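Asker: Structure incoming, see below.
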Amino acid sequence: MSDGNEAPPTVLVVDDDPRLRKTLELNLRARGYTAYLSDSGEHALKIIAHHHPGLVLLDLGLPGMSGLDVLRGLRGWTRVPVVVLSGRDTEAMKVQALDLGADDYVVKPFGMDELFARVRAAMRRTADAAAPEATVATEHFTVDLAAKQVTRGGEPVRLTPRQWHIVEVLVRNRGRLVTQRELLHEVWGPEYERESNYLRVFMTKIRQRLEPDPPRPRYFLTDPGLGYRFQNGEGE
Numbered sequence: 000m001s002d003g004n005e006a007p008p009t010v011l012v013v014d015d016d017p018r019l020r021k022t023l024e025l026n027l028r029a030r031g032y033t034a035y036l037s038d039s040g041e042h043a044l045k046i047i048a049h050h051h052p053g054l055v056l057l058d059l060g061l062p063g064m065s066g067l068d069v070l071r072g073l074r075g076w077t078r079v080p081v082v083v084l085s086g087r088d089t090e091a092m093k094v095q096a097l098d099l100g101a102d103d104y105v106v107k108p109f110g111m112d113e114l115f116a117r118v119r120a121a122m123r124r125t126a127d128a129a130a131p132e133a134t135v136a137t138e139h140f141t142v143d144l145a146a147k148q149v150t151r152g153g154e155p156v157r158l159t160p161r162q163w164h165i166v167e168v169l170v171r172n173r174g175r176l177v178t179q180r181e182l183l184h185e186v187w188g189p190e191y192e193r194e195s196n197y198l199r200v201f202m203t204k205i206r207q208r209l210e211p212d213p214p215r216p217r218y219f220l221t222d223p224g225l226g227y228r229f230q231n232g233e234g235e
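If you're matching positions, the sequence shown starts at 0 in numbering that gives the first Met the number 0 and goes up one per residue.
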């Protein structure tokens, strides 16, 4: 795969089956790739943030954080190509994974030649993609989308899971208006799309924790009657 002058392409394998991880590692190395291995979604996100692999082979049936949750987390801050590996051969599951940002979907069991043809195709499609941006820094705090944490002065800021989810959605769409309906659907679910009062309460709490002057927000801005946007402090 490498011409001797370039570093070999890297692939992260995320699967809780140790035998499959080992098989894929051996096949990757035999074809000139550098392999990273992970057995959990949480660990995989850290590897991606720190090592920026060229592609991710992602099992959906992970313990704890599911493969779909990993996809949701990734697409907030990186376009790294993801090839899903799954034993679930249903149209609904394929559609869900692809809608969440997967580049391809391979059903287990699979042939290695087919898998690596799909790997090469996915890497070609994204060869010119920008390097992932895992953190967004402002003058007053830093949002680490991979670690799912906000820090200020190097210290973590305590946010509830829903407060974090709102921050995450706004930051990954920075500069763009996110409608009230979009936020409610993403954070609470489709049955809450009209509960705009929820957002007012949560945005007040978020501003109290992150804004230097909460009554006059600099980062988390309101478009009255429409929704909210995250702006990196360069005026309103």
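Note that CB positions come from ideal geometry on N, CA and C, so glycine has one too.
From a predicted model like this one, the values you see are computed outputs, not experimental measurements.
Of all the options Pro-211, Phe-115, Leu-56, Phe-109, which has the alpha carbon lying nearest to the alpha carbon of Ala-29?
Answerer: One-based indexing of the sequence shown puts residue 29 at position 30. If we check each option's Cα against that of Ala-29, Phe-115 comes out closest.
Asker: Confirm, please, whether the CB-CB distance from Leu-57 to Leu-84 is below 9 angstroms.
Answerer: As a position in the sequence shown, residue 84 is number 85, starting the count at 1. As a position in the sequence shown, residue 57 is number 58, starting the count at 1. Yes; because the gap between Cβ atoms is below 9 angstroms, this pair is in contact.
Asker: Within the continuous beta strand (DSSP E) that includes Ala-101, where are the two ends?
Answerer: As a position in the sequence shown, residue 101 is number 102, starting the count at 1. Run containing Ala-101: none; DSSP gives neither H nor E here.
Asker: For Leu-99, which residues of its own chain have a beta-carbon under 8 angstroms away from its beta-carbon, when the five flanking residues on both sides are left out?
Answerer: Here residue 99 refers to the residue found at position 100 when the sequence shown is read from its first residue. The answer, listed in chain order, is Leu-67, Leu-70, Arg-71, Arg-74.
Asker: Where does Pro-131 sit, in a helix, a strand or coil, going by DSSP?
Answerer: Numbered from its first residue, the sequence shown carries residue 131 at position 132. Model confidence at Pro-131 stands at a pLDDT of 48, short of 50, so the residue's coordinates are unreliable; what they give is reported in the following sentence. Coil at Pro-131, not helix or strand.
Asker: How long is the line joining the alpha carbons of Arg-215 and Lys-45, rounded to whole angstroms?
Answerer: One-based indexing of the sequence shown puts residue 215 at position 216. One-based indexing of the sequence shown puts residue 45 at position 46. Cα to Cα, the separation comes out at about 35 angstroms.
Asker: Report the rounded CA-to-CA distance for Ala-101 versus Val-13, giving the unit in angstroms.
Answerer: Here residue 101 refers to the residue found at position 102 of the sequence shown. Here residue 13 refers to the residue found at position 14 of the sequence shown. When rounded, the distance between both Cα atoms is 14 angstroms.
Asker: Between which two residues does the alpha helix (DSSP H) containing Asp-143 stretch?
Answerer: Within the sequence shown, residue 143 is the residue found at index 144, counting from 1. It is not in any alpha helix (DSSP H) - Asp-143 instead sits in the beta strand (DSSP E) that spans 141 to 143.
Asker: Which value, in whole angstroms, describes the spacing of the CA atoms of Leu-209 and Phe-201?
Answerer: Against the sequence shown, residue 209 aligns to sequence position 210. Against the sequence shown, residue 201 aligns to sequence position 202. The straight-line gap from Cα to Cα measures roughly 12 angstroms.
Asker: Can you name, in chain order, every residue of its own chain whose Cβ lies under 7 angstroms from the Cβ of Gly-53, other than the five neighbours on each side?
Answerer: Working through the sequence shown from its first residue, we reach residue 53 at position 54. So the qualifying residues of the chain are Pro-8, Thr-9, Val-10, Met-122.
Asker: Among the residues of its own chain, which have a CB less than 8 angstroms from the CB of Arg-175, if the five just before and after it don't count?
Answerer: For this step, residue 175 is matched to residue 176 along the sequence shown. Arg-228.
Asker: Quick check on Leu-36: does DSSP put it in helix, strand or coil?
Answerer: Translated into positions along the sequence shown, residue 36 becomes position 37. Correct three-state label for Leu-36: strand.
Asker: Check whether the Cβ atoms of Leu-23 and Gly-40 lie closer than 9 angstroms to each other.
Answerer: To locate residue 23, count along the sequence shown from 1; it is residue 24. To locate residue 40, count along the sequence shown from 1; it is residue 41. For Leu-23 and Gly-40, no; Cβs fall outside 9 angstroms.
Asker: Ignore the nearest five residues each way along the sequence and tell me which others in Asp-143's own chain have a CB closer than 6 angstroms to its CB.
Answerer: Stepping through the sequence shown from its first residue, residue 143 is reached at position 144. Closer than 6 angstroms at Cβ, skipping near neighbours: Thr-134.
Asker: Does DSSP classify Ala-121 as helix, strand or coil?
Answerer: Here the question's residue 121 lines up with position 122 in the sequence shown. It is helical.
Asker: How is Pro-17 classed by DSSP in three states: helix, strand or coil?
Answerer: Start at 1 with the first residue of the sequence shown, and residue 17 comes out as number 18. Here Pro-17 sits in helix by DSSP.
Asker: Taking the straight line between their C-alpha atoms, what separation do you get for Ala-145 and Gly-188?
Answerer: For the purposes of this step, residue 145 is taken as the residue at position 146 of the sequence shown. For the purposes of this step, residue 188 is taken as the residue at position 189 of the sequence shown. So the two alpha carbons sit approximately 23 angstroms from each other.
Asker: For Ala-220, name the three-state secondary structure that DSSP assigns.
Answerer: One-based indexing of the sequence shown puts residue 220 at position 221. According to the sequence as given, residue 220 is Leu; it is not Ala. In the structure shown, Leu-220 sits in a strand (DSSP, three-state: E or B).
Asker: Please go through the same chain and pick out, in chain order, the residues whose beta-carbon is closer than 8 angstroms to the beta-carbon of Glu-185, but skip the five residues on each side of it.
Answerer: If you number the sequence shown from 1, residue 185 lands on position 186. Here the set comprises His-164, Val-168.
Asker: Could you please give me the residues that DSSP links to Ala-136 through a beta bridge?
Answerer: Translated into the one-based positions of the sequence shown, residue 136 becomes position 137. In the DSSP output, where bridge partners are listed per residue, Ala-136 has Thr-141.
Asker: Keeping to the same chain, check which residues put their C-beta closer than 7 angstroms to that of Lys-107; ignore five residues upstream and five downstream.
Answerer: Reading the sequence shown from its first residue, position 108 is the one you call residue 107. Leu-84, Ser-85, Gly-86, listed in sequence order.
Asker: Taking Pro-223 as the reference, which of Val-82, Leu-59, Asn-196 has the closest Cα?
Answerer: Counting from one through the sequence shown, the residue named residue 223 turns up at place 224. Checked all of Val-82, Leu-59, Asn-196; the closest Cα to Pro-223 is Asn-196.
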